[in-house]
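Comments concern the structure below.
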Amino acid sequence: MSRRVLVVDDEPNVLNFCARALELKGYAVQTASSGKEALALLATEKFDLLATDIRMPEMSGLDLMDRVSAMGLDLPVIVITGMGSLEVSIQALRAGAIDFITKPFGRNDLVDAVARALLQARVARERARLRVLAPVLDLSRRVREGAGLCEVCQSLVKLALGQPGALGAAILLEEPGEDAPLAIAVAGVLEGLTVLETSSLPAARDSLAVWPAGDIPGEDLRQRLFEQGARTIVAAPMETPDRRFGEIWMALEWLPEQFDSHYAEAVAILARHAANLLANVREVSLPEACGF
1 MSRRVLVVDD EPNVLNFCAR ALELKGYAVQ TASSGKEALA LLATEKFDLL
51 ATDIRMPEMS GLDLMDRVSA MGLDLPVIVI TGMGSLEVSI QALRAGAIDF
101 ITKPFGRNDL VDAVARALLQ ARVARERARL RVLAPVLDLS RRVREGAGLC
151 EVCQSLVKLA LGQPGALGAA ILLEEPGEDA PLAIAVAGVL EGLTVLETSS
201 LPAARDSLAV WPAGDIPGED LRQRLFEQGA RTIVAAPMET PDRRFGEIWM
251 ALEWLPEQFD SHYAEAVAIL ARHAANLLAN VREVSLPEAC GF
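And the structure:
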């Protein structure tokens, strides 16, 4: 399937040039002449990359990037700048753009920049997967050798805590037939987490749940999260086709809008493999808590 690229520029000749250059290389290209038009397309269609002019009337490329981030979209971005716009280009890179090209540019300049950006995004996804999968493989071996529930939960919490930006982690297990989960292993800034404090938060039933750390009930825990820099709580369901085991929680130093799809994929992979590991643990009764 062709990779889909959205090109945004207020100059029709630039849009036509970019569309033709990329289509000749097999990309599916959609164009927009303003940030507003681009946002309408992004709200209804899926794209693999965004290439946007940095200076446009009404909404600049930087403003468009902010709006895209606020929509929860994790798109690799290339910015198109004019001559003498180095400072603005640096601003765009700091805001998350992968690359920039300067007008006037040739067909190969554009095609090469798009290819590099898509490759970099794919490498980032693979790194996120491998960061989780390598330790999980070792933990799978230990489960086969007879590791118990506490050892597995402690290892999962340590693995979650070792992810970039993670300041705390917790495993909440559910006993079949019981309403409330049990905080079985906790670490980092979530060490004061109790089941009571999770009861009013949205459950991670079928997918990831993400909310600001300031929404955590419990003034002491909320204050500690704030003081230690935690800004976002993420919860992912640990379940197999046959059973739901509970949730894995992480406290992150990033704001909710900075939680991107690469990281979401890594958390989902961790939760999925955690469920498979728990399904194979021989010791199945829940202790009061594992601790460290």
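Heads up, the sequence shown is in my numbering, so the first residue is 1 and it goes up one at a time.
No residue lacks a Cβ here, since even glycine has one placed at the ideal position from N, Cα and C.
Secondary structure at A169: strand, using DSSP grouped into helix, strand and coil. When C-alpha distances from M238 are compared across L173, Q163, G218 and F105, the shortest belongs to L173.
The count of Cβ pairs closer than 8 Å, one atom from the region 206–221 and one from the region 115–132, stays below three, leaving the stretches out of contact.
The criterion of a C-beta distance shorter than 8 Å is not satisfied by L93 and V8. Residue pairing from DSSP places A209 in a beta bridge opposite A235. Residues F47, L49, L50 and V68 of the same chain have their beta carbon placed closer than 7 Å to that of L75, with the five preceding and five following residues left out of the count. About 7 Å separates the Cβ atoms of K36 and E58, confirming a contact at the 8 Å cut-off. With respect to the 8 Å criterion, A236 and L208 are classified as neighbours on the basis of their beta carbons.
The C-alpha of I248 is placed about 14 Å away from the C-alpha of Y263.
Contact between V152 and L161 does not hold, since their C-beta atoms are separated by about 15 Å, which reaches or exceeds 8 Å. Put simply, of G229, Q163 and E175 the residue whose alpha carbon is nearest the alpha carbon of A268 is Q163. Buried is the label assigned to D53, since at least 16 other Cβ atoms lie within 10 Å of its Cβ. Pairing L22 with S33 gives a Cβ-Cβ distance that is not under 8 Å.
For A32, the beta-bridge partners assigned by DSSP are V8.
Proximity to R142 across V111, I80 and L278 peaks at L278, based on C-alpha coordinates. Where L130 is concerned, the enclosing alpha helix (DSSP H) starts and stops at R107 to R144.
In the displayed model, L93 falls within a helix according to three-state DSSP. In the structure shown, D53 falls within a strand segment according to DSSP collapsed to helix, strand and coil. Across the set R55, L182 and P135, the C-alpha of L182 shows the shortest separation from the C-alpha of F245. For the 8 Å CB-CB criterion, I78 and K103 do not form a contact.
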